[in-house]
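**Student:** Next up is a structure, given as structure tokens.
Number of protein chains: 2
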Amino acid sequence: MTSDSGDEASVSLREAGEFRIIDRVTAGRVQPGTTLLGPGDDAAVVAAADGRVVGCTDVLVEGVHFRLDWSSPEQVGRKAAAANLADIAAMGAVPTALLVGLACPSTTPAARAEALADGLWAEASAVGAGVVGGDLTSGPVVVLSVTALGSLEGRAPVLRSGARPGDRVACCGRLGWSAAGLAVLGRGFRSPVALVDAHRVPAPPYGEGPRAADAGATSMIDVSDGLLADLGHVARASGVSVRLHSRAFTVPDRLAEIGSALGVDPMDWLLTGGEDHALVATFPVDGELPAGWTEIGAVEHPGDDGPVVTVDGQVHEGDAGWLHFAKY
Amino acid sequence: MTSDSGDEASVSLREAGEFRIIDRVTAGRVQPGTTLLGPGDDAAVVAAADGRVVGCTDVLVEGVHFRLDWSSPEQVGRKAAAANLADIAAMGAVPTALLVGLACPSTTPAARAEALADGLWAEASAVGAGVVGGDLTSGPVVVLSVTALGSLEGRAPVLRSGARPGDRVACCGRLGWSAAGLAVLGRGFRSPVALVDAHRVPAPPYGEGPRAADAGATSMIDVSDGLLADLGHVARASGVSVRLHSRAFTVPDRLAEIGSALGVDPMDWLLTGGEDHALVATFPVDGELPAGWTEIGAVEHPGDDGPVVTVDGQVHEGDAGWLHFAKY
């Protein structure tokens with residue numbers, strides 16, 4: 001921390017020092033109006049206008065959740081932000097702020113930490129939120145822990161436990177794109193770019209969370225582990241079963257094409273692929289679905305085996321989605 | 001996740017599975033009244049009665065911030081919580097909630113993750129806060145990222161930047177105990193227990209943060225890096241210098257004894273030791289200090305060299321405190 005290097009691009013975190021990196025990643029950022037006190041003190045202060053704050057945390061680990069040879073640091077930052085911002089949206093809330101814990105090796109180029117911060121900021125500011133604070137420390141691999149805060153703006157939170165028999169099940173946003181992109185990367189390819197990019201940076205329909213809440217959604221969740229797995233969480237929390245109709249799903253041409261090339265049924269990606277952060281919700285049968293939502297099934301009383309999720313009346317064979325600790 | 005093991009004590013995270021561990025660490029916990037929605041949904045909802053929420057994040061990495069042969073997992077959980085709860089207190093706020101991101105190897109005993117959670121809960125509930133959510137995932141070492149939320153209860157936040165020339169400088173809480181305990185552990189000893197335990201689990205004076213705010217504190221910070229280092233942050237943020245008087249410090253007998261045994265000047269521990277999370281604040285010269293606070297110096301106009309922290313008129317020789325990336 002005593003002298004500047006002549007070659008800024010190659011400066012490591014150890015050479016730059018914690019405080020200079022924090023100065024760099026916070027300088028020049030434009031905070032939204034909800035940020036009452038931004039980075040630089042012991043803690044930040046964020047507006048919580050209706051007297052409540054929504055909060056969630058998600059951790060991404062290098063080699064488990066992302067690979068820096070497959071994604072740029074900026075993309076990893078955007079993805080980490082998106083995973084959390086989508087959780088806020090799935091409560092029916094509007095994101096206000098991110099807090100970021102970043103551990104990385106001291107040999108990490110300072111530019112990489114800055115690119116991660118750029119990605120976090122890009123995704124946050126796109127939904128009107130700010131990065132209000134965090135912690136930077138050393139560790140053996142890159143671990144990015146993001147906490148998102150949000151505002152319900154007077155709404156009741158939409159829980160996983162509110163689905164009722166008779167409700168319509170609908171979703172909004174991409175399904176299976178991230179899984180298809182991961183399959184492409186796993187085989188050593190870099191295209192189709194649209195699919196690979198969907199894996200690198202999801203495009204959650206953030207605004208649809210509050211919209212679904214306003215439309216009377218009885219339950220909601222974001223698809224982070226896979227549609228069947230996440231609807232399974234809703235089914236168990238609500239004490240109901242969920243019946244999906246495969247005819248309600250349209251397989252996008254891109255997924256059909258690459259599924260054919262790789263020998264994969266693209267419906268598997270739609271039903272079990274995680275990380276697209278689509279929103280899936282249940283709505284009263286007598287109401288209208290918000291524009292852009294697709295009805296995919298119905299909520300039923302559970303059978304003798306308890307809450308299950310079926311597709312065309314059958315429990316899906318194979319994995320329902322991502323399980324932590326199963327593969328590492 | 002398909003069958004129970006006969007020997008619960010030796011079950012690993014991989015064998016138990018993410019969701020069963022989360023069930024175990026959340027079951028039976030008593031949430032405070034500020035927790036409007038606890039763990040189990042996409043996000044938690046926490047009361048923020050005055051329309052603002054205070055938030056901060058701190059990351060602890062195994063081998064960098066703690067060693068599991070020196071501290072129990074329960075102690076690591078308490079320490080991680082304390083570091084964040086002290087930051088909330090240093091704003092003049094009362095902690096309400098923790099969100100926890102935990103990455104650990106899939107071979108980790110499930111009991112270890114549960115003990116970490118027990119420690120987080122113990123420290124949080126002691127100040128009336130709850131552990132409201134989190135994320136558990138696999139990673140090569142234990143990384144514990146904690147976000148604390150808090151309520152200012154109508155107070156203005158006490159910033160680092162508010163110190164004014166003429167203010168009194170005062171502190172509350174232990175200084176140097178954690179550093180002395182670390183020195184003991186580093187030489188292979190396990191006693192004096194009081195010092196070693198102070199390193200394992202700090203005892204921040206949480207309630208003194210809001211009390212100092214109510215008493216008119218003009219600036220405040222918690223001592224996480226070391227008194228001189230943290231007062232340096234206040235000095236730079238406020239554009240002032242800080243003059244400390246060594247005669248104002250009482251070296252506890254325990255620190256004097258072990259300093260003598262190890263050949264260390266115990267004043268070095270008091271001035272540069274971090275992780276005790278004492279609170280240091282500046283107060284108007286014409287007011288009373290809250291009970292339990294010790295006056296240790298005064299705020300001055302900065303000299304030609306800009307803001308500095310001096311002890312008996314001299315800039316301290318040697319490290320002022322902990323620098324990340326300097327040792328890893």
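Each protein sequence line maps, in turn, to chains A and B. Using the UniProt record's numbering, you'd call the opening residue of the first sequence number 1 and step up by one each time. Using the UniProt record's numbering, you'd call the opening residue of the second sequence number 1 and step up by one each time. All residues carry an ideal CB built from backbone N, CA and C; glycine is no exception.
Under the three-state reduction of DSSP, which class applies to A:PRO290: helix, strand or coil?
**Tutor:** Three-state DSSP puts A:PRO290 in coil, outside helix and strand.
**Student:** Helix, strand or coil for A:SER12? Go by DSSP, reduced to three states.
**Tutor:** A:SER12 falls in the strand class under three-state DSSP.
**Student:** Comparing the C-beta of B:ALA90 with each C-beta of chain C, is any distance below 8 Å?
**Tutor:** Structure shown: chain C not included; protein chains present are A and B.
**Student:** By DSSP, does B:LEU228 sit in helix, in strand, or in coil?
**Tutor:** helix
**Student:** Taking any Cβ of chain A, which residues in the region 54-73 of chain B have a Cβ under 7 Å from it, in chain order?
**Tutor:** With the criterion set as a beta carbon lying under 7 Å from some beta carbon of chain A, the members of the region 54-73 of chain B are VAL54, GLY55, CYS56, THR57, ASP58, VAL59, VAL61 and VAL64, in sequence order.
**Student:** Taking the alpha carbon of A:ALA170 as the point to measure from, which residue in A:TRP177, A:ARG29, A:THR218 and A:THR107 has its own alpha carbon closest?
**Tutor:** A:THR218
**Student:** Would you list, in chain order, the members of the region 12-40 of chain B that have their beta-carbon closer than 9 Å to a beta-carbon of chain A?
**Tutor:** SER12, LEU13, ARG14, GLU15, ALA16, GLY17, GLU18, PHE19, ILE21, LEU36, LEU37 and GLY40
**Student:** If we count the other Cβ atoms within 10 Å of its Cβ and call it buried at 16 or more, is A:HIS199 buried or exposed?
**Tutor:** buried
**Student:** With a threshold of 16 other CB atoms inside 10 Å of the CB of A:HIS301, please say whether the residue is buried or exposed.
**Tutor:** exposed
**Student:** Taking the beta strand (DSSP E) that B:LEU37 falls in, what are its first and last residues?
**Tutor:** 35-37
**Student:** By alpha-carbon positions, which one of B:GLY313, B:LEU37 and B:ILE21 ends up nearest to A:SER161?
**Tutor:** If we check each option's Cα against that of A:SER161, B:LEU37 comes out closest.
**Student:** Who pairs with A:THR147 in a beta bridge, going by DSSP?
**Tutor:** A:THR57 and A:LEU99
**Student:** Got a sec: is the Cβ-Cβ distance from B:LEU271 to anything in chain A below 8 Å?
**Tutor:** no
**Student:** Looking only at its chain, what residues have a beta carbon closer than 6 Å to the beta carbon of B:LYS79, apart from the 5 residues adjacent to it on each side?
**Tutor:** Excluding residues up to 5 positions away in sequence, VAL201 lie with their Cβ nearer than 6 Å to the Cβ of B:LYS79 in the same chain.
**Student:** Helix, strand or coil for B:PHE283? Go by DSSP, reduced to three states.
**Tutor:** strand
**Student:** Is any beta-carbon of chain A found at less than 8 Å from that of B:ALA48?
**Tutor:** yes
**Student:** Quick one: which chain A residues come within Cβ less than 9 Å of B:ILE296?
**Tutor:** Within chain A, no residue comes near B:ILE296; the closest Cβ sits about 19 Å away, beyond 9 Å.
**Student:** Which class does B:PRO210 belong to by DSSP, given the choice of helix, strand or coil?
**Tutor:** helix
**Student:** Mind checking which residues open and close the alpha helix (DSSP H) that includes B:ALA129?
**Tutor:** Here B:ALA129 belongs to no alpha helix (DSSP H), and DSSP marks it neither H nor E.
**Student:** Note down the Cα distance separating B:LEU231 from A:ALA122, rounded to an integer number of angstroms.
**Tutor:** B:LEU231 and A:ALA122: Cα-Cα distance of roughly 34 Å.
**Student:** Taking 8 Å as the CB-CB cut-off, is A:ASP222 touching chain B?
**Tutor:** yes
**Student:** Quick one: Cα of B:GLU208 to Cα of B:CYS172, how far?
**Tutor:** In this structure, the straight-line span from the alpha carbon of B:GLU208 to that of B:CYS172 is close to 8 Å.
**Student:** Where does A:ASP197 sit, in a helix, a strand or coil, going by DSSP?
**Tutor:** A:ASP197 falls in the helix class under three-state DSSP.
**Student:** What whole-angstrom Cβ distance do A:LEU144 and A:ALA113 have, given they're in contact under 8 Å?
**Tutor:** Not a contact, Cβ separation roughly 10 Å.
**Student:** From the DSSP output, in three-state form, read off A:ASP4 for me.
**Tutor:** Unreliable placement is indicated for A:ASP4, whose pLDDT of 42 sits below 50; no coordinate value is reported for it.
**Student:** Starting from A:VAL45, trace the beta strand (DSSP E) both ways and give me its first and last residue.
**Tutor:** 44-47
**Student:** For B:THR34, does the count of other Cβ atoms within 10 angstroms reach 16, so buried, or fall short, so exposed?
**Tutor:** B:THR34 comes out buried.
**Student:** I'd like to know whether the C-beta of B:ASP197 is nearer than 8 Å to at least one C-beta of chain A.
**Tutor:** no
**Student:** Kindly list, in the order they appear in chain A, the residues whose Cβ is closer than 7 Å to that of B:THR147.
**Tutor:** THR57, LEU99 and THR147
**Student:** I want to see whether chain A comes within less than 8 Å of B:SER246, judged by CB atoms only; does it?
**Tutor:** With 8 Å as the cut-off, B:SER246 does not count as an interface residue toward chain A.
**Student:** A:VAL184 by DSSP, collapsed to three states: which one?
**Tutor:** helix
**Student:** Distance, Cα to Cα, A:TYR206 vs A:VAL280?
**Tutor:** 12 Å
**Student:** Along the chain, where does the beta strand (DSSP E) that runs through A:MET220 open and close?
**Tutor:** According to the DSSP assignment, A:MET220 belongs to the beta strand (DSSP E) that extends over 219-222.
**Student:** Nearest CA to the CA of A:GLN75: which residue from A:GLY292, A:PRO109, A:GLY239 and A:GLY119?
**Tutor:** Nearest option by C-alpha distance: A:GLY119.
**Student:** If you run the structure through DSSP and keep just helix, strand and coil, what is A:PRO307?
**Tutor:** coil
**Student:** If you drop the 5 nearest sequence neighbours on each side, which residues of the same chain put their C-beta closer than 8 Å to that of B:GLY313?
**Tutor:** ARG243
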